[in-house]
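**Q** My questions will all concern the structure given below.
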Amino acid sequence: MMSPLVVRLLLLVCLASPLYGVEKVRTRGYRKDPDADKYGSCMQGPAGPTGREGNPGTNGIPGTPGIPGRDGLKGEKGECINEIFEEPWRPNYKQCAWNSLNYGIDLGKVADCTFTKLRSDSSLRVLFSGSLRLKCKNACCQRWYFTFNGAECTGPLPIESIIYLDQGSPELNSTINIHRTSSVEGLCEGVKAGLVDVAVWVGTCADYPRGDASTGWNSVSRIIIEELPK
């Protein structure tokens, strides 16, 4: 027969066995949270809502300047272009005309015509058209020429026409009296801009005696002046 002490021990063993099994089962089905050691032995709840964005931060300290770059390769020499803007050329001309000039002088100015020249780098084209006559018994020569402000053209040479009459026979030379429409024409450079007095003169030829000259007899005579670009 067992003693009362042994019976009590057996009874405690029988009562503790079911509780040990239940605790073992609970321990086996429970997974430990990896962060359990961080937050203690309490279990972590569900994640909370997303928080608001924070206020913008202040600008940082400016960085130090970088290293200067190297000079590039030297470029090719450019082409120099000079643009000259000039006003378009405008026609500039004038005509002076006389009906039956009938000027019988042998030396001096026959007729003149004033003209306004617009540019100094232009040229003047001049024309005299009218009847010319020379009469003499012996050999003679007369010269009709242009002047510009009282001087003959020097750019490049004078503008002139001549009539020479040979001695011939005394019978013919004493009666010959032929008037022919002729012209004196040329281009003169180097005349300055402004008012220009263009005139036609009659004079002698070098080394020849003068005769009896006549200009503009019984017909129209005219001077035409035109400014031309160079």
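FYI, in mature numbering (1 follows the signal peptide of the UniProt record, and there is no 0) the residues of the sequence shown are -21 to -1, 1 to 209.
Using N, Cα and C, we set each Cβ at its ideal position, and we do this for glycine too.
Can you give me the C-alpha to C-alpha distance between residue 120 and residue 186, rounded to a whole angstrom?
**A** So the alpha carbons of these two residues sit roughly 9 angstroms apart.
**Q** Evaluate residue 3 with the Cβ neighbour count: other Cβ atoms within 10 Å of its Cβ, from every protein chain shown; 16 or more gives buried, anything less gives exposed.
**A** Interpretation of residue 3 is limited by its pLDDT of 48, a score under 50 that renders its predicted location unreliable; the figure taken from the coordinates is listed afterwards. That one is exposed.
**Q** Using only CA atoms, which one of 145, 88, 71 and 81 lies nearest to residue 97?
**A** The option with the nearest alpha carbon to residue 97 is 71.
**Q** For residue 239, which residues does DSSP report across the bridge?
**A** Here the chain covers residues -21 to 209 and nothing more, so residue 239 does not appear.
**Q** Going by C-alpha to C-alpha distance, which of 110, 156, 111 and 165 sits closest to residue 125?
**A** It is 165 whose Cα lies nearest to the Cα of residue 125.
**Q** Can you list, in chain order, the residues of its chain whose CB lies under 7 angstroms from that of residue 193, leaving out five sequence neighbours each side?
**A** Cβ neighbours of residue 193 beyond the five flanking positions: 83, 112 and 158.
**Q** Among the residues of its own chain, which have a CB less than 8 angstroms from the CB of residue 177, if the five just before and after it don't count?
**A** Excluding sequence neighbours, residue 177 sits near 91, 92, 93, 94, 103, 105, 125, 126, 127, 202 and 204.
**Q** What's the C-alpha gap between residue 139 and residue 109?
**A** For residue 139 and residue 109, the distance between alpha carbons rounds to 14 angstroms.
**Q** Give the secondary structure of residue 160 by DSSP, where H, G and I count as helix, E and B as strand, and everything else as coil.
**A** If DSSP states are grouped into helix, strand and coil, residue 160 belongs with the strands.
**Q** Tell me, which residues are paired with residue 139 by DSSP?
**A** Answer is 124, bridged to residue 139.
**Q** Runs of 3 residues minimum, wholly inside the segment 45 to 83: which ones carry the beta strand (DSSP E) assignment?
**A** The qualifying runs are 71 to 78.
**Q** What would DSSP say about residue 116, mapped onto helix, strand or coil?
**A** Residue 116: coil per DSSP, three-state reduction.
**Q** Roughly how many angstroms lie between the CA atoms of residue 75 and residue 167, to the nearest whole one?
**A** Computed Cα separation, rounded: 18 angstroms.
**Q** Count the other C-beta atoms from every protein chain shown that fall within 10 angstroms of the C-beta of residue 210, then say buried if there are 16 or more, exposed otherwise.
**A** The first residue shown for the chain is -21 and the last is 209, placing residue 210 beyond what the model contains.
**Q** Can you have a look at residue 190 and say buried or exposed, based on whether 16 or more other CB atoms are within 10 angstroms of its CB?
**A** Buried, because 16 or more other Cβ atoms sit within 10 Å of the Cβ of residue 190.
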